[in-house]
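Reading through the structure tokens given below for one structure.
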């Protein structure tokens, strides 16, 4: 399902003394099966944008097309929103706060059940989702409230995975996790992407952007100020958006400037850079 | 979350906003008391209520309280109004006998007095509502609490925990917007999981509410634990003598507001006392306009 956003405006608390314009005419297109990132400072409108994508917020002006679904400010045209939410699911920041059921499996099955799966189906999907986030059978019957923070986050993410959406939006999925936990979750997301799910990642972690994302959108004060690949972004002047260039990119760029034949666009991880240096060294000797 | 914003503080800088919260609290309560004075003559009570209404509406305009919000809160009151009218009309009341009958339903008399009484009660509720709205939308909740604390301070002599109560209230007030934000956040998260908070049968709605309430409670309890720890770490001691960052000041404008309200209230009380002493009560219409209304 491709996403097309046309001239999107969103205003919080319109016509009150504290009204704020969060989005001021954003237009962008996200391709099917892509892996893209939405970047920007706090208050740049990232969260507002992703919430309009599945109609949790109804735009003040403009249109969003998600596959066949259309979201506009005209309420009459926003039917079937619930079905849209089955196709485009959001994992919010700190999703562990949305757990409420008595057992882990019931909580994970909750979303699938809401979208029409029967009890057995939902439970089956829940078990699959739990296994895929790395929680085995011993967790199924436990209360979600007795788990650790990282485990809770996995349960919450599994709850979204069990819905089996076509597009998965993740808002800072690694915030507050230890490196191992963050890594696990990101490789899980990568695996979903390999199975055909479109991934939209909201993050401040540029290492993730360079490692996974094909396309980057940068928002600043409610406007789209950059659109392109990660390496295009880091080659440009990113300081104005308060984005830190990741050390890996800096290192690769410096080596290239010193004369090493490095293909910057293909570098996603440290090992890629190491491989290229090794290759160059072999050829050189 | 718009329905919960009733009477919420609005950050303007009007005359009413600048008044001392202690003063505003006192004046609002005093005005509320005089609303409830019922004179012997019906027309006098009505005339005064009309005067209060005009006065309060003027105050509303001065302090830039939104009329839309007033109407919104009235919308929530219509059932109460209907209930009051029904009770007054259909429950027999001995004091009506002898007064004019409006009409009969199956031989059961409906008196004009019943309409008057219920209308008067609704009017008084409206007046109180306006006063409360002016108070809460021109005063920050924290300032109100400080005002309250100031009034409770003398009670410390009898070991009344004035500061602790003020602290509890101010923490509760402080967390209302936080909890509202939290509610909105959890509602959005659950909506993404397919919960529909606005449609569906009773059972579905119940399930939807459960999916909201439990996470809300969990996070509220976690928050309160964290807050208690944070306060303890910073050495909070409820028994300690403390000062305020914002010192409440009684200014010239306060004196003016106090004096004018005082004169009004004094006048009304004098009138009320004379009314109670006199045989037939005071008919203001007669005194002012030299006419006698028909009822």
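Chains as they are written, first to last, in our numbering: chain G, 2 to 286; chain A, 147 to 441. Glycine included, each C-beta is placed from N, C-alpha and C at the ideal position.
- At least 9 Å separates the CB of residue 378/A from every CB of chain G.
- Residue 434/A and residue 333/A have their alpha carbons spaced roughly 59 Å apart.
- Under DSSP, residue 229/G shares a beta bridge with 217/G.
- Between the stretch 107 to 127 of chain G and the stretch 170 to 189 of chain G there are fewer than three inter-stretch CB-CB distances shorter than 8 Å, so the stretches are not counted as touching.
- Rounded to the nearest angstrom, the Cβ distance from residue 325/A to residue 174/A is 26 Å, too far for a contact under 8 Å.
- The beta-carbon of residue 340/A is placed less than 9 Å from the nearest beta-carbon of chain G.
- The alpha-carbon separation between residue 335/A and residue 56/G amounts to approximately 12 Å.
- Cβ contact annotation for residue 218/G (same chain, cutoff 8 Å, sequence separation greater than five): 29, 37, 38, 39, 40, 225, 227 and 228, in chain order.
- Straight through space, the alpha carbons of residue 145/G and residue 266/A are spaced by roughly 55 Å.
- For residue 381/A and residue 395/A, the gap between their C-alpha atoms comes out near 29 Å.
- DSSP, reduced to helix, strand and coil, places residue 66/G within a strand of the structure shown.
- In the DSSP assignment, residue 264/G falls outside any alpha helix (DSSP H), carrying neither H nor E.
- Sequence-ordered contacts of the stretch 94 to 116 of chain G with chain A read 96, 98, 99, 100, 101, 111, 112, 115 and 116 [C-beta pairs closer than 7 Å].
- Look at the stretch 180 to 243 of chain A and you find these whole runs of alpha helix (DSSP H), each 4 residues long or longer: 188 to 208, 213 to 221 and 224 to 236.
- Short of 8 Å from the beta carbon of residue 362/A, and not among the five residues preceding or following it, lie these beta carbons of its own chain, in chain order: 325, 328, 329 and 332.
- For the 9 Å CB-CB criterion, residue 285/A and residue 392/A do not form a contact.
- Using a CB distance cut-off of 9 Å, residue 162/A does not count as an interface residue toward chain G.
- Those residues of the stretch 144 to 176 of chain G placed with their C-beta closer than 8 Å to a C-beta in chain A are 146, 160, 161 and 164, ordered along the chain.
- Around the beta-carbon of residue 373/A, fewer than 16 other beta-carbon atoms lie within 10 Å, marking it exposed.
- A Cβ-Cβ distance of about 10 Å is found for the pair residue 127/G and residue 164/G, leaving them out of contact under the 8 Å criterion.
- Remark: three or more beta-carbon pairs, one from each stretch, lie closer than 8 Å, so the stretch 165 to 177 of chain G and the stretch 203 to 218 of chain G are flagged as touching.
- Under the DSSP assignment, residue 353/A falls in the alpha helix (DSSP H) whose first and last residues are 348 to 379.
- Here the stretch 54 to 69 of chain G does not lie against the stretch 187 to 205 of chain A, with fewer than 3 beta-carbon pairs under 8 Å apart.
- Residue 26/G sits in a strand when the DSSP states are folded into three classes.
- A contact is defined here as three or more CB-CB pairs under 8 Å, and the stretch 119 to 134 of chain G meets this definition with respect to the stretch 146 to 164 of chain G.
- Residues of chain A whose Cβ lies closer than 7 Å to the Cβ of residue 55/G are, in chain order, 338.
- Contact holds between the stretch 82 to 99 of chain G and the stretch 337 to 349 of chain A, because three or more Cβ pairs, one in each stretch, are under 8 Å apart.
- Counting the other CB atoms within 10 Å of its CB gives residue 291/A a total of 16 or more, which places it among the buried residues.
- Chain-ordered, the chain G residues with CB closer than 9 Å to the CB of residue 365/A read 98.
- Here the alpha carbons of residue 59/G and residue 235/G stand approximately 33 Å from one another.
- Counting C-beta atoms within 10 angstroms of its own C-beta, residue 426/A has fewer than 16 neighbours from the protein chains shown and is therefore classed as exposed.
- For residue 131/G, there is no enclosing beta strand (DSSP E); the enclosing alpha helix (DSSP H) covers residues 120 to 133.
- Think of a sphere of 9 Å around the beta carbon of residue 38/G: no beta carbon from chain A falls inside it, the nearest being about 20 Å out.
- DSSP places residue 250/A in the strand class (E or B) of the three-state scheme.
- For residue 170/A, no chain G residue has a Cβ inside 7 Å of its Cβ, as the nearest lies near 20 Å away.
- Judged by DSSP in its simplified three-state form, residue 389/A adopts coil rather than helix or strand.
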